[in-house]
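Numbering (the numbering used here), first residue to last: 93 to 221. Yeah, the Cβ is synthetic: ideal placement off N, Cα and C, and Gly gets one too.
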């Protein structure tokens, strides 16, 4: 029976490098998610401006991007203030038909969002665009 013996030199340096790479990957992921969310936010504001009869601008001014948590970021209407009615436009009520602005924007912008995220990843990793 053969027996092999080896010694790995530079293990501590390798571990530090891997840890740094892990931190870099998290930053790249966060930047990519935020790039996609920014596209969604901008496009949603445009759509809301055309679909809804804009009066005060409160709804458009309250389309926000959440912080990145894990692998998720959210684009949402902050309904805690003057734009409390955003979900009523999106989903309708018993007395008002739905006038969706977020769902159609997402469906229309998927390719653009994915492209923005991919471009951000390529740029951060130095792969060119």
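Tell me whether residue 212 is buried or exposed, calling it buried when 16 or more other Cβ atoms sit within 10 Å of its Cβ.
Buried: at least 16 other Cβ atoms inside 10 Å.
Beta-carbon proximity check, residue 188 vs residue 167, cutoff 9 Å:
Going by beta carbons, residue 188 and residue 167 fall outside the 9 Å limit.
Looking at the unbroken alpha helix (DSSP H) that takes in residue 161, where does it start and where does it end?
For residue 161, no alpha helix (DSSP H) segment is defined, and its DSSP state is neither H nor E.
Going by the beta-carbon positions, is the gap between residue 144 and residue 169 smaller than 9 Å?
Judged by beta-carbon spacing, residue 169 lies beyond the 9 Å limit of residue 144, meaning their Cβ atoms are not closer than that value.
Quick check on this structure: which residue in 208, 204, 118 has the alpha carbon closest to the alpha carbon of residue 160?
118
For residue 169, which residues does DSSP report across the bridge?
155
Could you compute how far the alpha carbon of residue 114 sits from the alpha carbon of residue 210?
19 Å
Proximity winner among 124, 155, 123, relative to residue 138 (alpha-carbon distances)
155
Across the region 190-208 and the region 126-134, are there enough close Cβ pairs to call them in contact, namely three or more that are closer than 8 Å?
yes
Assign residue 186 to one of three DSSP states: helix, strand, or coil.
coil
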